[in-house]
Amino acid sequence: MSKRRQKLAKNVANLFILGLSLTILIGFVFQPAMAKGRQAKTQQVATSIAWQSASFPVENFQAYTSGFGYRPSATGGNGWEFHSGLDIAAPRGSYIRNWWEGVVTKVADGGACGTQVTIQSGQWQHTYCHMEGNMATANGIRYLIDRGGAIQLVEGQKIPAGVRIGRVGMSGRTTGPHLHWGLKYNGNHVDPAYVLRAMFAQQPAVRQSSSQIKRQQTQIKIEESKFIRDSGY
82 MSKRRQKLAK
92 NVANLFILGL
102 SLTILIGFVF
112 QPAMAKGRQA
122 KTQQVATSIA
132 WQSASFPVEN
142 FQAYTSGFGY
152 RPSATGGNGW
162 EFHSGLDIAA
172 PRGSYIRNWW
182 EGVVTKVADG
192 GACGTQVTIQ
202 SGQWQHTYCH
212 MEGNMATANG
222 IRYLIDRGGA
232 IQLVEGQKIP
242 AGVRIGRVGM
252 SGRTTGPHLH
262 WGLKYNGNHV
272 DPAYVLRAMF
282 AQQPAVRQSS
292 SQIKRQQTQI
302 KIEESKFIRD
312 SGY
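For the sequence shown, my numbering begins at 82 and goes up steadily by one.
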């Protein structure tokens with residue numbers, strides 16, 4: 082190879098290394114800023130809405146077992162995964178209540194989420210995973226059937242806030258009975274802790290007078306997320 086070609090190849094390699102370094106540097110500089118921007122926007126959305134009519138989604142609350150954001154793999158291994166919701170532990174068979182009035186848009190079973198229901202409430206989408214029961218189909222319409230809990234939900238059905246929509250189970254990928262509760266606003270994942278904190282802040286009279294509200298329920302940890310990949314449960 083001539084000296085001229087060697088020099089050209091060296092220059093190309095240097096430019097490639099420089100471009101790669103700049104890309105990595107930009108990622109480190111802007112990614113935290115983007116995450117903080119999303120976090121601030123999520124907090125603003127959660128606190129600017131009147132939540133007096135909203136319902137806590139689980140009866141017989143025990144604990145928050147896994148928050149929103151990145152966590153080590155819940156079923157073993159050394160990898161990290163993005164947890165797109167809030168895990169709320171309760172005894173198996175405890176009833177799950179609809180968080181906010183809306184329409185059932187999806188009923189399914191199988192996969193990491195197990196038996197699941199998704200409800201659309203305006204710009205909000207809320208998903209409930211690991212439920213008891215299973216999905217069935219009749220005349221091309223899917224519905225959730227949980228005979229033990231006397232629950233039946235049909236896609237397209239309108240559900241008021243606070244109505245029982247299922248029971249805590251262990252379907253899908255789970256190591257113990259709990260509800261995985263996921264929220265989206267305009268298609269973007271939202272940390273449910275923001276919403277629950279806003280709900281409890283706006284319902285002091287209910288919280289103080291109701292024996293069903295435990296002090297631990299109001300102590301919710303908020304996690305930061307980079308919105309990279311959803312683990313699916």
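Every residue gets a Cβ at the ideal spot worked out from N, C-alpha and C, and that includes glycine.
No experiment lies behind these values; they were computed from the predicted model shown.
Check residue 133 in the structure and name its three-state DSSP category. Mapped onto the sequence shown, residue 133 falls at position 52. If DSSP states are grouped into helix, strand and coil, residue 133 belongs with coil.
Same chain, Cβ closer than 6 angstroms to residue 226, neighbours up to 5 away in sequence not counted: As a position in the sequence shown, residue 226 is number 145, starting the count at 1. Hits under 6 angstroms: 214, 217 and 233.
Give the range of the alpha helix (DSSP H) segment to which residue 27 is assigned. This structure does not reach residue 27, given that the chain is present from 82 up to 314, and the question cannot be answered.
My understanding is that residue 179 touches residue 240, with C-beta atoms under 8 angstroms, so please give their C-beta distance in whole angstroms. The sequence position of residue 179 within the sequence shown is 98, counting from 1. The sequence position of residue 240 within the sequence shown is 159, counting from 1. Residue 179 to residue 240, Cβ: 5 angstroms. Contact.
Within the continuous beta strand (DSSP E) that includes residue 197, where are the two ends? Your numbering for residue 197 matches position 116 in the sequence shown. Its beta strand (DSSP E) spans residues 196-202.
Label residue 231 either buried or exposed according to how many other C-beta atoms from any shown protein chain fall within 10 Å of its C-beta, with 16 as the threshold for buried. Residue mapping note: residue 231 aligns to position 150 of the sequence shown, counting from 1. Exposed is the call here.
Rounded to whole angstroms, what's the CA-CA distance from residue 265 to residue 182? Just pull it up for me. By one-based count along the sequence shown, residue 265 stands at place 184. By one-based count along the sequence shown, residue 182 stands at place 101. Residue 265 and residue 182 have their C-alpha atoms roughly 15 angstroms apart.
Pull up the distance between the alpha-carbon of residue 261 and that of residue 250, whole angstroms please. On the sequence shown, position 180 is the one that residue 261 refers to. On the sequence shown, position 169 is the one that residue 250 refers to. Residue 261 and residue 250: Cα-Cα distance of roughly 10 angstroms.
Tell me whether residue 256 sits in a helix, a strand or coil according to DSSP, three-state version. Residue numbering aside, residue 256 sits at position 175 when the sequence shown is read from its first letter. Look at residue 256 here: in three-state DSSP terms it is coil, with no helix or strand label.
Please report how far the alpha carbon of residue 149 lies from the alpha carbon of residue 219, in whole angstroms. The count along the sequence shown starts at 1 and reaches residue 149 at position 68. The count along the sequence shown starts at 1 and reaches residue 219 at position 138. Looking at the two C-alpha atoms, the distance is approximately 36 angstroms.
Residue 188 by DSSP, collapsed to three states: which one? Within the sequence shown, residue 188 is the residue found at index 107, counting from 1. Here residue 188 sits in strand by DSSP.
Report yes if the C-beta distance between residue 204 and residue 184 is below 7 angstroms; otherwise report no. Working through the sequence shown from its first residue, we reach residue 204 at position 123. Working through the sequence shown from its first residue, we reach residue 184 at position 103. No.
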